[in-house]
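Student: Going down the list, the sequences are from chains G and X. With this note's numbering, the residue at position 15 of the first sequence is 18, and numbering never jumps. With this note's numbering, the residue at position 52 of the second sequence is 1060, and numbering never jumps. Please see the structure below; I have some questions.
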Amino acid sequence: MRKGKQRHRFLRRALTLHIPLLIIVGFALAPYIWTFLTSLTPEEDLYLSEFRYFPANPTGTNYLRLFSRIDYGRNIRDSLIVATSTMLLGLCITVPASYSFSRYRFKGRTALLAQFLVINMFPVVLLLVPLFILMRVLGLMDTYLSLIIAYSTFTIPFSTWMLTGFFNAIPKELDEAAQIDGCNRFTTLLRVVFPVALPGISATGIYIFITAWNEFIYAAILTGSNVRTIPIALQNMIGEFKIAWGLLTAGGVVSAVPVIVLFFFIQKQLIHGMTAGAVKG
Amino acid sequence: MVQAPRKRVDLFPYLLLSPALLITILVIFYPIVRTFTYSFMQYILWKPTEIKFIGFDNYLKAFEDPVFWISFQNTLIWIGGVISLQLLLGFCTALLLNQNFFWRGIARTLVLIPWVTPSVITALMWRWMYDGNRGVINDLLVRVGILSSYFPWLANDTTALYAIILALMWQGFPFFAIMILAGLQAIPDTLYEAAEVDGASALQKFTRITLPMLVPVLFTSLMLRIIWVANSLDIIYIMTGGGPGYSTHTLPVYSYIRAYKGMDFGYASTIAVVLTLLVTLFVSIYVRKVLRMEDRGAV
Chain G
4 MRKGKQRHRF LRRALTLHIP LLIIVGFALA PYIWTFLTSL TPEEDLYLSE FRYFPANPTG
64 TNYLRLFSRI DYGRNIRDSL IVATSTMLLG LCITVPASYS FSRYRFKGRT ALLAQFLVIN
124 MFPVVLLLVP LFILMRVLGL MDTYLSLIIA YSTFTIPFST WMLTGFFNAI PKELDEAAQI
184 DGCNRFTTLL RVVFPVALPG ISATGIYIFI TAWNEFIYAA ILTGSNVRTI PIALQNMIGE
244 FKIAWGLLTA GGVVSAVPVI VLFFFIQKQL IHGMTAGAVK G
Chain X
1009 MVQAPRKRVD LFPYLLLSPA LLITILVIFY PIVRTFTYSF MQYILWKPTE IKFIGFDNYL
1069 KAFEDPVFWI SFQNTLIWIG GVISLQLLLG FCTALLLNQN FFWRGIARTL VLIPWVTPSV
1129 ITALMWRWMY DGNRGVINDL LVRVGILSSY FPWLANDTTA LYAIILALMW QGFPFFAIMI
1189 LAGLQAIPDT LYEAAEVDGA SALQKFTRIT LPMLVPVLFT SLMLRIIWVA NSLDIIYIMT
1249 GGGPGYSTHT LPVYSYIRAY KGMDFGYAST IAVVLTLLVT LFVSIYVRKV LRMEDRGAV
């Protein structure tokens, strides 16, 4: 009797929980699995008449050709430079700003805070044309700096909000104690609050890095020959007459893996910030 | 609270803010003002001698431009399709993840993967899966017997937009799942216990407790997501470039194509301004709500 009941319960759990969730997880992973399998298939095998799910002779040729034939290493370097600089610039500017929002009540605070939220939601196309013209006038077309500047249009508002949330979570008594111990207002931020906020700050920094690493639209319009980040390199491969899918999928895997790994490190903080309503999406 | 004595204005908070403000003024506010100005100008990059103010001509042109209206309509289908699918799948995922089972942590992490996937990679992977010659989706559908031969999903003007909607559903449903999951976990167990004592059925508990308690979370995530999806451009642009024909033109795509390919900065700005005005409605509702939360210290 009891055993039958248990089996019945297990079956119900499987039908209402495990199987549907497995299907959803499968749906989430399927494009990656397929992309990865394709990247291991030699280009000429992709067009055999018989459709194969698993490559008959899995190879790493596509990955090797990525670096020997199309100079993907240079694209990775460009992406690294742009994403790292965007992150550092963004943090240097937004850490003091969010500290100010979190700790002080001053005239115009709400309005200023609101504007950082509002500008985060404007469409990219609203800024694209003037930034393009500005970069041309300043002679910055096709440089790292043009992308770093353009990316601060979304990293600064986002990061200000995210960090204000993290600073708000640190008790204000900490600042007061530091000041009683003889810190001035700058050293309070630098020596006392900054170290405590470091997990939140690094999570925000990594998120900035990821968004800059992934960005396509600005990169397409502001750069392309001297500076060519990974998304642009991938798009250029699509643009060719016959798409080399083996190469392209290999490039996609190389580009996505670091992002996913970085994301796992900041998952908790990011979800915290996101569910608090600060993140764009 | 650290506060300066009255009368003397404390400049320190403004000092801390000044770099951020300066940069925002330069790279955001100044460009926005420029875009509004350009939208009243004839401004085609390769006709530098013919740049001039033309009043509302660009707006009138948009009103009479069939491609503008196609893009407008596609934007509505795009938002409606993507948001409802993401919400539906995200909701189901959240309900499943809200239970206790041994692989819950792993499941939650794996489900998040689409959300961190770069748009270019999302576009590329789905484009490959939809491929008319070697697409795995075609192969599966033929194997199951739904299709008799391969179909070029992205090259057909009735299916292209819906095919991209499905790809964006994949990328975005984890966002709803995580937001709704957080909302579910914030519902106190005592509510369900009390309902159980009163003899409520599972369905009653869902419609009388779960749904009403989720309203705030659903509302904020919907606003946020509508704004984001309305503005999104890269996935569509990479998957189809707006084509075939105008079948996957949305307002951001149309503006981008006008600016980038046509170098028609005046008209591109006009479309961008119209899009912004449409989105502003949702932005203002959302911002008001978040500011109230921030005031209470909830952010």
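Just so it is clear, CB atoms sit at the ideal spot from N, CA and C, and this is done for glycine as well. Please read these numbers as outputs of a predicted model, since none were measured by experiment.
Hey, X/Trp1235 and X/Val1298: beta-carbon distance below 7 Å or not?
Tutor: Strictly speaking, residue 1235 of chain X in this sequence is Ile, with Trp absent from that position. For X/Ile1235 and X/Val1298, no; Cβs fall outside 7 Å.
Student: Assuming X/Asn1082 is part of the alpha helix (DSSP H), what are its boundary residues?
Tutor: Where X/Asn1082 is concerned, the enclosing alpha helix (DSSP H) stretches over Pro1074 to Leu1105.
Student: Please report the residue range of the alpha helix (DSSP H) in which G/Ser88 lies.
Tutor: Residues Tyr75 to Arg106.
Student: Out of curiosity, what's the CA-to-CA distance linking X/Ser1277 and G/Leu20?
Tutor: Distance between the alpha carbons of X/Ser1277 and G/Leu20 is about 49 Å.
Student: Between X/Asp1206 and chain G, is any beta-carbon pair separated by less than 7 Å?
Tutor: Not closer than 7 Å to any Cβ of chain G, the Cβ of X/Asp1206 fails to qualify, so no.
Student: Which chain X residues are close to G/Leu143, counting only those with a beta carbon under 9 Å from its beta carbon?
Tutor: Under the 9 Å cutoff, chain X gives no residues; its nearest Cβ is about 12 Å from G/Leu143.
Student: Report yes or no: is there a C-beta of chain X within less than 7 Å of the C-beta of G/Leu51?
Tutor: Not one chain X Cβ lies under 7 Å of G/Leu51.
Student: So, does the region 165 to 176 of chain G touch the region 194 to 210 of chain G, judging by three or more C-beta pairs under 8 Å?
Tutor: These segments touch.
Student: Determine, using beta-carbon pairs with one atom in the region 1079 to 1090 of chain X and one in the region 1267 to 1275 of chain X, whether at least three such pairs fall under 8 Å.
Tutor: In short, these stretches do not touch, since the Cβ pair count stays below three.
Student: For a contact meaning CB atoms closer than 8 Å, what does X/Gln1107 contact in chain G?
Tutor: Simply Leu20.
Student: Is X/Phe1227 helix, strand or coil by DSSP?
Tutor: Looking at X/Phe1227 - three-state DSSP - the assignment turns out to be helix.
Student: According to DSSP, is X/Asp1272 helix, strand or coil?
Tutor: Three-state result, X/Asp1272: strand.
Student: Which value, in whole angstroms, describes the spacing of the CA atoms of X/Ile1036 and X/Phe1064?
Tutor: Answer to the nearest angstrom: the Cα atoms are 24 Å apart.
Student: How would you list, in chain order, the residues of chain X whose beta-carbon sits under 9 Å from the beta-carbon of G/Leu69?
Tutor: By Cβ distance, chain X contributes nothing, its closest Cβ being about 14 Å from G/Leu69, past 9 Å.
Student: With C-beta atoms as the reference, is X/Thr1043 less than 7 Å away from G/Pro45?
Tutor: Contact flag unset, no.
Student: To the nearest angstrom, how far is it from the Cα of G/Pro126 to the Cα of X/Phe1290?
Tutor: Taking the straight line joining both Cα atoms gives about 13 Å.
Student: Could you tell me whether any Cβ in chain G is nearer than 7 Å to the Cβ of X/Asp1147?
Tutor: Cβ-Cβ to chain G under 7 Å: yes for X/Asp1147.
Student: So does the region 79 to 87 of chain G actually touch the region 146 to 154 of chain G, counting three or more Cβ pairs closer than 8 Å?
Tutor: Yes, since at least three Cβ pairs between the region 79 to 87 of chain G and the region 146 to 154 of chain G fall closer than 8 Å, the two stretches touch.
Student: Starting from G/Val202, find everything on chain X with Cβ-Cβ shorter than 8 Å and list it in chain order.
Tutor: Residue 202 of chain G is actually Pro in this sequence, not Val. Per Cβ cutoff of 8 Å: no residues; G/Pro202 is ~17 Å from chain X at best.
Student: Output, in chain order, the set of chain G residues within a Cβ distance shorter than 8 Å of X/Ile1121.
Tutor: Residues of chain G passing the Cβ test: Ala31, Leu32, Tyr35 and Ile263.
Student: Let me check one thing: in DSSP terms, what residues is X/Met1049 bridge-paired to?
Tutor: Answer is X/Phe1061.
Student: Within its chain, find whatever has a CB closer than 6 Å to the CB of G/Gly7; leave out the 5 residues flanking it on each side and keep chain order.
Tutor: Excluding sequence neighbours, G/Gly7 sits near nothing in its chain.
Student: Determine whether the Cβ of G/Asn217 lies closer than 7 Å to any Cβ atom of chain X.
Tutor: By this cut-off, G/Asn217 is an interface position.
Student: State the Cα-Cα distance for the pair X/Gly1098 and G/Ala259, rounded to the nearest angstrom.
Tutor: For X/Gly1098 and G/Ala259, the distance between alpha carbons rounds to 23 Å.
Student: Is the separation between the beta-carbon of X/Met1187 and that of X/Ser1229 shorter than 7 Å?
Tutor: A contact, by the Cβ cut-off of 7 Å.
Student: Which whole-angstrom value describes the C-beta separation of G/Leu129 and X/Thr1284, a residue pair presumed to lie in contact below a C-beta threshold of 8 Å?
Tutor: Confirmed, about 5 Å.
Student: Whole angstroms is fine: what's the gap from X/Gln1217's alpha carbon to X/Glu1201's?
Tutor: Looking at the sequence provided, one finds Ile at residue 1217 of chain X rather than Gln. Cα-Cα distance, rounded: 11 Å.
Student: Under 8 Å between beta-carbons, which chain G residues line up against X/Asp1338? List them in chain order, please.
Tutor: Because chain X spans 1009 through 1307 in this model, residue 1338 of chain X falls outside it and cannot be assessed.
Student: Measure the beta-carbon distance from X/Leu1093 to X/Ile1173 and round it to whole angstroms, keeping in mind my assumption that it falls under 8 Å.
Tutor: Indeed they touch by this definition, with Cβ atoms about 7 Å apart.
Student: Is there a C-beta anywhere in chain G that falls below 7 Å from the one on X/Leu1024?
Tutor: Yes, because at least one Cβ of chain G sits closer than 7 Å to the Cβ of X/Leu1024.
Student: Give the DSSP-derived three-state secondary structure of X/Val1295 in the structure shown.
Tutor: Reduced to three states, the DSSP call for X/Val1295 is helix.
Student: Is DSSP giving X/Arg1042 helix, strand or coil here?
Tutor: In this structure, X/Arg1042 counts as helix in the three-state DSSP scheme.
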